[in-house]
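> Mind having a look at this structure? Questions to follow.
2 protein chains.
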Amino acid sequence: MNIGQAAKHSKVSAKTIRYYESIGLIAPASRTESGYRTYSEKDVQTLSFIHHARSLGFSVKDVSMLLDLWRNQKRASADVKALATAHIAAVDRKIEELKRMRDTLLDLTNRCHGDDRPDCPILEGLAGSGSTHKAAPEKTQYLNDFETVGP
Amino acid sequence: MNIGQAAKHSKVSAKTIRYYESIGLIAPASRTESGYRTYSEKDVQTLSFIHHARSLGFSVKDVSMLLDLWRNQKRASADVKALATAHIAAVDRKIEELKRMRDTLLDLTNRCHGDDRPDCPILEGLAGSGSTHKAAPEKTQYLNDFETVGP
DNA sequence: ATTGACCTTCCAGTATCTGGAACCCTTATC
DNA sequence: GATAAGGGTTCCAGATACTGGAAGGTCAAT
Numbered sequence: 324m325n326i327g328q329a330a331k332h333s334k335v336s337a338k339t340i341r342y343y344e345s346i347g348l349i350a351p352a353s354r355t356e357s358g359y360r361t362y363s364e365k366d367v368q369t370l371s372f373i374h375h376a377r378s379l380g381f382s383v384k385d386v387s388m389l390l391d392l393w394r395n396q397k398r399a400s401a402d403v404k405a406l407a408t409a410h411i412a413a414v415d416r417k418i419e420e421l422k423r424m425r426d427t428l429l430d431l432t433n434r435c436h437g438d439d440r441p442d443c444p445i446l447e448g449l450a451g452s453g454s455t456h457k458a459a460p461e462k463t464q465y466l467n468d469f470e471t472v473g474p
Numbered sequence: 324m325n326i327g328q329a330a331k332h333s334k335v336s337a338k339t340i341r342y343y344e345s346i347g348l349i350a351p352a353s354r355t356e357s358g359y360r361t362y363s364e365k366d367v368q369t370l371s372f373i374h375h376a377r378s379l380g381f382s383v384k385d386v387s388m389l390l391d392l393w394r395n396q397k398r399a400s401a402d403v404k405a406l407a408t409a410h411i412a413a414v415d416r417k418i419e420e421l422k423r424m425r426d427t428l429l430d431l432t433n434r435c436h437g438d439d440r441p442d443c444p445i446l447e448g449l450a451g452s453g454s455t456h457k458a459a460p461e462k463t464q465y466l467n468d469f470e471t472v473g474p
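Chains as they are written, first to last, in the working numbering: chain G, 324 to 474; chain E, 324 to 474.
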């Protein structure tokens, strides 16, 4: 089947499939004489696997390792479990961090009357020197740390 | 003071301060005759404000708006509150998504014996066609959606 | 004069795609 | 056979928010 069909069945967009090929996450697809990529059922399964793993927040690097383990009949399930467990821990840390952020934000917004008067505890809180709420982590982690949720 | 001191006091790295200047988030700093950037107490306050807002997960675009509101004495606190409230909602959505991911991951790892045998429910779950756990959101959101936590 | 700690600019890379331009292939219809 | 729609192809750029590093200028102290 062509890339469009593979995309539909695997739920990975054609654009992204080509991207995965370009970075070596998947092997280059075979081609028709005219240059179209062709995909088998097995290829679609692989793409689905990738889709599921990505939707669970594994990085592309992690997915690459998981694919190796998946294809390696001799792997130990302990290896997979270790990867997954580390990932869960990372996700948990992110959840906690987001909760702290939300609590602080809620605290600030609750104290803001939110009308047309200019004084605003939210801005005062942001301007203030210390944390408005609770101890911050050693190194403040920004949201974009979520780009890579590693161990 | 020079950029290094400003960085130390504001907790925004010198590199990042220059970056903020380059994208127009902050006004270009004044310079000494030899070209060094110089910063006032007020500049440091602004940088601290940015640091706090970023650590609460506001995007740089959001921070830009917050800075405008902060400097505008005629602003309505309702405007700030609206921005903050939308942000809280976005953070909440991300927390829920991460929780769903963690639940699925926990389910898979709990069913994995994690020894040296090759069969592994985690990989089977990733390979399986459907969600292993609960209904997924309409469009699966990847972790890197966290790069921008907007409304 | 030399050292070392700062500062400068500029280019590139990180992670993960996504959009768009310019152009080729297939199939159906007129 | 011409044409149009709806595929496919490649390559470049952009988004996000920085961070690292190279090559070189400045400042204060020894």
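Here a beta-carbon is modelled for each residue, glycine too, at the ideal position from N, C-alpha and C.
All figures in this text were calculated on a predicted structure; none of them were measured in a lab.
Since residue 434/E sits in a beta bridge, which residues does DSSP pair it with?
Residue numbering aside, residue 434/E sits at position 111 when the second sequence is read from its first letter. Beta-bridge pairing links residue 434/E to no other residue.
> Could you tell me which residues DSSP pairs with residue 361/G in its beta bridges?
Position 38 of the first sequence, counting from 1, holds the residue named residue 361/G. Per DSSP, 353/G.
> Starting from residue 394/G, follow the alpha helix (DSSP H) in both directions and report where the run begins and ends.
In the first sequence, residue 394/G corresponds to position 71, counting from 1. Note, residue 394/G: alpha helix (DSSP H), 383-394.
> Indicate the three-state DSSP secondary structure (helix, strand or coil) for residue 404/G in the structure shown.
Here the question's residue 404/G lines up with position 81 in the first sequence. The answer is helix: DSSP assigns residue 404/G an H, G or I state.
> Are the beta-carbon atoms belonging to residue 491/E and residue 377/E less than 9 Å from one another?
Because chain E spans 324 through 474 in this model, residue 491/E falls outside it and cannot be assessed.
> CB residue 414/E to CB residue 324/G, shorter than 9 Å?
Indexing the second sequence from 1 puts residue 414/E at position 91. Indexing the first sequence from 1 puts residue 324/G at position 1. Cβ atoms of residue 414/E and residue 324/G: not closer than 9 Å.
> Quick one: what's got a C-beta closer than 6 Å to residue 403/E's C-beta in the same chain, skipping five residues either side?
As a first step, residue 403/E is located in the second sequence; it is residue number 80 there, counting from the start. Cβ neighbours of residue 403/E beyond the five flanking positions: 392.
> Put residue 336/E into one of helix, strand or coil per three-state DSSP.
Sequence index remark: in the second sequence, residue 336/E carries index 13 (1-based). DSSP places residue 336/E in coil when its eight states are reduced to three.
> Is DSSP giving residue 380/G helix, strand or coil here?
If you number the first sequence from 1, residue 380/G lands on position 57. Coil at residue 380/G, not helix or strand.
> Looking at the C-beta of residue 338/E, does it have a partner C-beta in chain G at a distance below 9 Å?
Here residue 338/E corresponds to residue number 15 of the second sequence, with the count starting at 1. Taking Cβ atoms only, chain G never reaches closer than 9 Å to residue 338/E, which makes this a no.
> Residue 411/G and residue 428/E - do their beta-carbons sit closer together than 9 Å?
Position 105 of the second sequence, counting from 1, holds the residue named residue 428/E. Position 88 of the first sequence, counting from 1, holds the residue named residue 411/G. A contact, by the Cβ cut-off of 9 Å.
> Since residue 339/E and residue 352/E should fall inside the 8 Å C-beta cutoff, what is the C-beta to C-beta distance between them, to a whole number of angstroms?
For the purposes of this step, residue 339/E is identified with residue 16 of the second sequence, where counting begins at 1. For the purposes of this step, residue 352/E is identified with residue 29 of the second sequence, where counting begins at 1. Going by Cβ atoms, the distance from residue 339/E to residue 352/E rounds to 13 Å, so no, they are not a contact pair.
> Counting only beta-carbon separations shorter than 9 Å, does residue 400/G have a partner in chain E?
Counting from one through the first sequence, the residue named residue 400/G turns up at place 77. Yes - at least one Cβ of chain E is within 9 Å of the one on residue 400/G.
> Quick one: Cα of residue 346/E to Cα of residue 373/G, how far?
Reading the second sequence from its first residue, position 23 is the one you call residue 346/E. Reading the first sequence from its first residue, position 50 is the one you call residue 373/G. Residue 346/E and residue 373/G: Cα-Cα distance of roughly 36 Å.
> Would you tell me roughly how many angstroms separate the C-alpha atoms of residue 366/G and residue 406/G, rounded to the nearest one?
By 1-based counting over the first sequence, the position of residue 366/G is 43. By 1-based counting over the first sequence, the position of residue 406/G is 83. Near 24 Å, if we compare the C-alpha coordinates of residue 406/G and residue 366/G.
> Identify whether residue 450/G lies in helix, strand or coil by the three-state DSSP scheme.
Residue numbering aside, residue 450/G sits at position 127 when the first sequence is read from its first letter. Looking at residue 450/G - three-state DSSP - the assignment turns out to be helix.
> Of all Cβ atoms in chain E, is any one closer than 9 Å to the Cβ of residue 357/G?
Position 34 of the first sequence, counted from the start, is the residue given in the question as residue 357/G. By this cut-off, residue 357/G is not an interface position.
> Establish whether the CB of residue 378/E and some CB of chain G are separated by less than 9 Å.
As a position in the second sequence, residue 378/E is number 55, starting the count at 1. Closer than 9 Å to some Cβ of chain G, the Cβ of residue 378/E qualifies, so yes.
> Using the Cα positions of residue 416/E and residue 379/E, report the straight-line distance between them to the nearest angstrom.
The residue labelled residue 416/E in the question sits at position 93 within the second sequence. The residue labelled residue 379/E in the question sits at position 56 within the second sequence. Cα to Cα, residue 416/E sits roughly 15 Å from residue 379/E.
> Here's the rule: buried if 16 or more other CB atoms are within 10 angstroms of the residue's CB, otherwise exposed. What is residue 357/G?
Mapped onto the first sequence, residue 357/G falls at position 34. Answer is exposed; the Cβ neighbour count stays below 16.
> Restricting to Cα atoms, I'd like to know which of 355/G, 409/G and 368/G is closest to residue 331/G.
As a position in the first sequence, residue 331/G is number 8, starting the count at 1. It is 368/G.
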